[in-house]
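Residue numbers (UniProt numbering): 1 to 222. For glycine and all other residues, C-beta sits at the position ideal for the given N, C-alpha and C. Written out below as C-alpha cells is the structure these notes cover.
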Amino acid sequence: MSLEVKNINKSYGQGDSKTQVLKGIDFEIKKGEFVILTGASGSGKTTLLTILGGLLTQDSGEIIFDDKPLFSKDNKAVDLRLNEIGFIFQSSHLVPYLKVRAQLTVIGTEAGLSKRDAVKRADELLKQIGLGHRLDVFPHMLSGGEKQRVAIMRAFMNNPKIVLADEPTASLDAQRATEVVEMIKSQVQQKDMIGLMITHDQRLFEFADRVIELDDGKIVNK
Numbered sequence: 001m002s003l004e005v006k007n008i009n010k011s012y013g014q015g016d017s018k019t020q021v022l023k024g025i026d027f028e029i030k031k032g033e034f035v036i037l038t039g040a041s042g043s044g045k046t047t048l049l050t051i052l053g054g055l056l057t058q059d060s061g062e063i064i065f066d067d068k069p070l071f072s073k074d075n076k077a078v079d080l081r082l083n084e085i086g087f088i089f090q091s092s093h094l095v096p097y098l099k100v101r102a103q104l105t106v107i108g109t110e111a112g113l114s115k116r117d118a119v120k121r122a123d124e125l126l127k128q129i130g131l132g133h134r135l136d137v138f139p140h141m142l143s144g145g146e147k148q149r150v151a152i153m154r155a156f157m158n159n160p161k162i163v164l165a166d167e168p169t170a171s172l173d174a175q176r177a178t179e180v181v182e183m184i185k186s187q188v189q190q191k192d193m194i195g196l197m198i199t200h201d202q203r204l205f206e207f208a209d210r211v212i213e214l215d216d217g218k219i220v221n222k
C-alpha cells in the first residue's frame, strides 16, 4: 500500500492574474512511513495537503492510493475523509458546544463504532496525550495547546489509513510538540498508516523518515 502523487498541477486565477501554485509534483509515500513536508511560505505546501485531503481539486495529475485513484465516483471525498483520512488542521476547529470526549466520539459513531466502543477509544486516545482529566469540559475551557491536542486525537479516532497534518504543533511548546510528533509517528508505524505533516520546525525533522521540500511549487528535495 502506498500513496502516489503523480504530476500534480494547480493554479489560481485566470488570464494575466493566473498563478501556478503547484508545478508537476511527484512523490510516493509507503505504508508505515512518516514524511515531513516543508518549504517557505507560499511554496504550495498547504494547497498540496488540501488536495490530498479531498478538500480541493487539482487541475491535472493523479493521486493513487493502494493502486487505485484516491478520489473517484466510487470513492467520494466526503466518505474517504470520514473513513480513510485523518486531517489535522493548523487551527483546532473544535465544535464549541461539544465536550472534549464528544469531539471524538461523534467521529467514531459516524464511522460505524458503537457508542460504547467510541467512548472507550476516545478515552484511551485522550489519556495518551495527557487530557484524561479534561474529558468533560467544553473547548472554551481549554488552552490553545489543549485544543490542538484534542484535534490531533480526533484525527486518529477513525483509524485512518492516511494522516495529513498542517502545522499541528504550531501552538504547542517545544516539549509538547516533540511528544505529539513522536506520537503521530508511532501511530503511523504501528498501524501501517501513511503520514504526511507540514512543519517549518527543523527540530522536528529528525522524527521523519524523509523530508520533502517545496520551493515555488516544485519539489527541490525528497
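So what's S114 in DSSP terms, helix, strand or just coil? Mapped onto the sequence shown, residue 114 falls at position 114. In this structure, DSSP gives S114 a state outside helix and strand, which the three-state scheme calls coil.
Smallest Cα separation from E206: which of E110, G132, V181? Residue 206 sits at position 206 when you count from the first residue of the sequence shown. Of the candidates E110, G132, V181, V181 places its Cα closest to the Cα of E206.
Go ahead and label T199 buried or exposed: buried means 16 or more other beta carbons lie within 10 angstroms of its beta carbon, across all protein chains shown. Sequence index remark: in the sequence shown, residue 199 carries index 199 (1-based). Label assigned to T199: buried.
Just to confirm the assignment: which complete beta strand (DSSP E) runs, minimum length 3, are found wholly within the stretch 154-193? Fully enclosed beta strand (DSSP E) runs of 3 or longer: 162-166.
Three-state secondary structure (DSSP) at Q20? What you label residue 20 is simply residue 20 of the sequence shown in a count that begins at 1. Q20 falls in the strand class under three-state DSSP.
Rounding to the nearest angstrom, what Cα-Cα distance links R154 and I29 in this structure? Position 154 of the sequence shown holds residue 154. Position 29 of the sequence shown holds residue 29. R154 and I29: Cα-Cα distance of roughly 23 angstroms.
Are the beta-carbon atoms belonging to N159 and I107 less than 8 angstroms from one another? Here residue 159 is taken as the residue at index 159 of the sequence shown, counted from 1. Here residue 107 is taken as the residue at index 107 of the sequence shown, counted from 1. No, the pair does not count as a contact, with Cβ atoms beyond the cut-off.
What's the call for T57, buried or exposed, on a 16-neighbour Cβ count within 10 Å? The residue you call residue 57 lines up with position 57 of the sequence shown. T57 sits exposed, since fewer than 16 C-beta atoms from the chains shown fall within 10 Å of its C-beta.
Proximal residues to L204 (C-beta, below 6 angstroms), its chain only, five neighbours per side dropped: Here the question's residue 204 lines up with position 204 in the sequence shown. The answer, listed in chain order, is V181.
Residues in its own chain within less than 7 angstroms of T109 by CB, not counting five upstream and five downstream? As a first step, residue 109 is located in the sequence shown; it is residue number 109 there, counting from the start. Closer than 7 angstroms at the Cβ level, and outside the excluded window around T109, lie K115, A118.
Have a look at E167 and Q148 and give me their C-alpha separation to the nearest angstrom. Position 167 of the sequence shown, counted from the start, is the residue given in the question as residue 167. Position 148 of the sequence shown, counted from the start, is the residue given in the question as residue 148. When rounded, the distance between both Cα atoms is 10 angstroms.
Applying the criterion that 16 or more other CB atoms from any shown protein chain within 10 Å of the CB defines a buried residue, is E33 buried or exposed? Against the sequence shown, residue 33 aligns to sequence position 33. When all chains shown are included, E33 counts as buried.
Helix, strand or coil: how does DSSP classify T47 here? The residue given as residue 47 occupies position 47 in the sequence shown. DSSP places T47 in helix when its eight states are reduced to three.
So what does L37 bridge to, in DSSP terms? To locate residue 37, count along the sequence shown from 1; it is residue 37. Per DSSP, I198, I212.
Bridge partners for N9 per DSSP, in chain order? Taking the sequence shown and counting its residues from 1, one reaches residue 9 at position 9. Under DSSP, N9 takes part in a beta bridge, and its partners are K23, S60.
Whose C-beta lies closer than 6 angstroms to the C-beta of Q103 among residues of the same chain, with five residues either side of it excluded? Within the sequence shown, residue 103 is the residue found at index 103, counting from 1. Shown here for Q103: same chain residues with a beta carbon closer than 6 angstroms to its own, the five before and five after excluded, namely L94, V150, R154 in chain order.
Taking M1 as the reference, give the member of A174, D192, S91, L52 with the closest Cα. Indexing the sequence shown from 1 puts residue 1 at position 1. Out of A174, D192, S91, L52, D192 has the C-alpha closest to the C-alpha of M1.
Buried or exposed: where does V35 fall if 16 or more other Cβ atoms within 10 Å of its Cβ makes it buried? For the purposes of this step, residue 35 is identified with residue 35 of the sequence shown, where counting begins at 1. With 16 or more Cβ atoms within 10 Å of its Cβ, V35 is classed as buried.
Nearest candidate by alpha-carbon position, reference N7, set T50, E62, T47: Mapped onto the sequence shown, residue 7 falls at position 7. Closest in C-alpha terms to N7, from the list T50, E62, T47, comes E62.
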